[in-house]
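Novice: Got a structure for you, questions after.
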Amino acid sequence: MNSEMTDTILLAKKGDRDAAEKLIEENSGLIWSIARRYFGRGVDADDLYQLGCLGFIKAINGYDVDYGTQFSTYAVPKINGEIRRFLRDDGMVKVSRGIKERANDIRTARAGLEQKLGREPTLSELSEITGLEVCEIACVETAVGPTESLQRESGEEGFTLEQVLTDGSPEEKLIEHFSLRESIKMLPERERKVINLRYYHCLTQDSTARVMGVSQVQVSRLEKKAVERLRNLLSG
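For the sequence shown, my numbering assigns the number 614 to the last residue and increments by one with no breaks.
See below:
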């Protein structure tokens, strides 16, 4: 391994974002080559690549430049391991053709209503256009778009759940993203529902309160508890 590569790895290990991004860019071919082995297993190609990047980042942090092993040799099992772990732990949830078709209908309706209303449509408005039940729309969108949902802005404050919980570098946010998905599953039922409605489906606190049959004040308290609980879970 040349000295420039060694220097870049050492910088990345110290938290240099530019160095980490440079290493990922230079090794994107390696990451993709491993990610492709897992195509067709119910996970989007981009998600597989992101998982590979997560394993690659862990390889950077764990690599000892004095050990004598080529970095790529050390990184490959880390990348493989991260993808395999996700496929095992996540249960490889497969999206059926019917769900994909309904998701396309919802996506089309959402785009049309956004243009017409000049804002994000509510689940009830989407229900009227698509003929699907509100709970069915929520289930379909959760099944097919967890990444997009977590990154979408909430209905009134204009921030995303990832922004609420993290403010670190891109590689730190990537790690947080996959940890966040697992942490949400650990929330109490009502807190999980508030997070789903507020951040997955972009409802305001008032709209969330109506869906849940509680007051806006209760929603605010539940959301605050949920966010604090997620922070604690993510911080270990």
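In this text, a Cβ means the ideal position worked out from N, Cα and C, and glycines have one as well.
Taking the alpha carbon of S381 as the reference point, which residue from G407, A413 and G446 has its own alpha carbon closest?
Specialist: When only C-alpha atoms are compared, the closest one is G446.
Novice: May I have the straight-line CA-CA distance separating T582 from E601, to the nearest angstrom?
Specialist: Approximately 12 angstroms between the Cα atoms of the pair.
Novice: Consult DSSP for S502 and reduce its assignment to one of helix, strand or coil.
Specialist: Looking at S502 - three-state DSSP - the assignment turns out to be helix.
Novice: Please identify the residue among K603, Y577 and L611 whose C-alpha is closest to the C-alpha of E498.
Specialist: Among K603, Y577 and L611, the Cα nearest to that of E498 belongs to Y577.
Novice: Counting Cβ pairs closer than 8 angstroms, one from the stretch 477-496 and one from the stretch 455-466, do we hit at least three?
Specialist: Contact fails: fewer than three Cβ-Cβ distances are below 8 angstroms.
Novice: Expressed to the nearest angstrom, what Euclidean distance is found between the alpha-carbon atoms of V572 and E403?
Specialist: The alpha-carbon atoms of V572 and E403 are separated by roughly 38 angstroms.
Novice: What are the boundary residues of the alpha helix (DSSP H) that includes L389?
Specialist: Run containing L389: S381 to K391, per the alpha helix (DSSP H) assignment.
Novice: With DSSP as the reference, label G533 as helix, strand or coil.
Specialist: For G533, the predicted model reports a pLDDT of 46, less than 50, meaning its position is unreliable and no value from the coordinates is stated.
Novice: Kindly indicate the opening and closing residues of the alpha helix (DSSP H) around M590.
Specialist: Segment Q583 to M590, the alpha helix (DSSP H) holding M590.
Novice: On a CA-only basis, which of N458, R395, N405 and D444 is nearest F417? Give me that one, please.
Specialist: Out of N458, R395, N405 and D444, N458 has the C-alpha closest to the C-alpha of F417.
Novice: What first and last residue would you give for the alpha helix (DSSP H) that runs through V572?
Specialist: Run containing V572: E567 to I573, per the alpha helix (DSSP H) assignment.
Novice: Would DSSP call S593 helix, strand or coil?
Specialist: Residue state, collapsed to three classes: coil.
Novice: Mapping DSSP to helix, strand and coil, what is G440?
Specialist: G440 falls in the helix class under three-state DSSP.
Novice: Quick check: Q594 and A587, are their CB atoms within less than 8 angstroms of each other?
Specialist: Yes; because the gap between Cβ atoms is below 8 angstroms, this pair is in contact.
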